[in-house]
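Q: Encoded as C-alpha cells, here's the structure I'll be asking about.
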Amino acid sequence: MAQIISKDEFLKFQKKWGDRVVEIGKLYLEKKEYKQAAIELVDSLYGYNEGTVLFKPTRAQHKEFRLTARSAVSYFIGHDNEYSEDTGFALQPWVKVRFVNSGFIFDSNYAITMGNYFFTDLEGREKKVEFTFGLFRSENGNLKINLHHSSIPYLHPKHGN
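If you read the sequence shown in the UniProt record's numbering, its first letter stands for residue 1, the second for the next number, and so on.
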C-alpha cells in the first residue's frame, strides 16, 4: 500500500518547484546551464516518464496544453521552434515564488491543491497567478506532478482587480 502524501510533503514540494523556477532564471542571467536546469526540473518534478501529465501553463495561447516533457521544458525556457510562442516563463527572471493554498484533497497516493502563487520579479513586483497542482507518489517514493493548471486571475471589466 502506498504511503499517503502529507500536507507537509506537499508544501515542501511546492517550495522546491518555486526554488527551481527561480534557479533557472538566475542561471540564465549568469549565462550558465539554465537549459539543463529546466530539463532537470521537468524530469524530476513532473511525471511525464511515468504516465500522463496534464499541464496548462499561464502564458500559452496557441499550444496551450503541454502533454510532453519537451513541451513543458519549452514553456519554462523557450527557444523551441515547435512552440514558437514560448518566451521562457522561468527566464523572466523571478527572484521568489510564494504559494497561498486555498485547500487540499488527500486520497491515498494522490493529492491536489489550488490557490494563488505570487512570482516576484527583479524590481520586487509580485505577479499573482492562480494554480491547481495534482501530485502522485512515484514508484521510487518521490512526489511528481501529473496535473498543473495555471491562469491569470479574471479581471472584471467594470471593477478591475
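Cβ atoms here follow ideal geometry from the backbone N, Cα and C, with glycine treated the same way.
Because the structure is a prediction, the values reported are computed rather than measured.
Which first and last residues belong to the beta strand (DSSP E) in which F133 is found?
A: Here residue 133 corresponds to residue number 133 of the sequence shown, with the count starting at 1. Note, F133: beta strand (DSSP E), E126 to R137.
Q: With distance defined between alpha-carbon atoms, name the residue in Q3, L11 and I4 nearest to G103.
A: Working through the sequence shown from its first residue, we reach residue 103 at position 103. The option with the nearest alpha carbon to G103 is L11.
Q: Give the range of the alpha helix (DSSP H) segment to which L27 is assigned.
A: In the sequence shown, counting from the first residue as 1, residue 27 sits at position 27. Element bounds for L27: K7 to L29.
Q: Grouping DSSP H, G and I as helix and E and B as strand, with all else coil, what is I112?
A: Position 112 of the sequence shown, counted from the start, is the residue given in the question as residue 112. Reduced to three states, the DSSP call for I112 is strand.
Q: Restricting to runs no shorter than 3 residues, where is the beta strand (DSSP E) found entirely within the stretch 51-101?
A: Within the stretch 51-101, the complete beta strand (DSSP E) runs of at least 3 residues fall at 54-56.
Q: State the DSSP-derived secondary structure class of I39, mapped to helix, strand or coil.
A: On the sequence shown, position 39 is the one that residue 39 refers to. Here I39 sits in helix by DSSP.
Q: Our contact map puts T113 next to F89 with C-beta atoms below 8 Å; I'd like the distance itself, whole angstroms only.
A: Translated into positions along the sequence shown, residue 113 becomes position 113. Translated into positions along the sequence shown, residue 89 becomes position 89. Actually they do not touch by this definition, with Cβ atoms about 20 Å apart.
Q: Once you ignore the five residues that flank K7 on each side, which residues in its own chain have a CB closer than 7 Å to its CB?
A: Within the sequence shown, numbered from 1, the residue matching residue 7 stands at position 7. Closer than 7 Å at Cβ, skipping near neighbours: F104.
Q: Tell me the rounded alpha-carbon separation between F118 and V97.
A: Here residue 118 corresponds to residue number 118 of the sequence shown, with the count starting at 1. Here residue 97 corresponds to residue number 97 of the sequence shown, with the count starting at 1. The straight-line gap from Cα to Cα measures roughly 6 Å.
Q: Among the candidates Y83, I4 and R137, whose CA atom is the shortest distance from the CA of R59?
A: On the sequence shown, residue 59 is found 59 positions in, with the first residue counted as 1. It is Y83 whose Cα lies nearest to the Cα of R59.
Q: Does any heavy atom of the ligand ZN sit closer than 7 Å to the C-beta of G124?
A: No copy of the ligand ZN appears in this structure; indeed no ligand is present at all.
Q: Is T68 near Y46, with beta carbons less than 8 Å apart?
A: Taking the first residue of the sequence shown as 1, we reach residue 68 at position 68. Taking the first residue of the sequence shown as 1, we reach residue 46 at position 46. It is not a contact, given that the beta carbons lie outside the stated cut-off.
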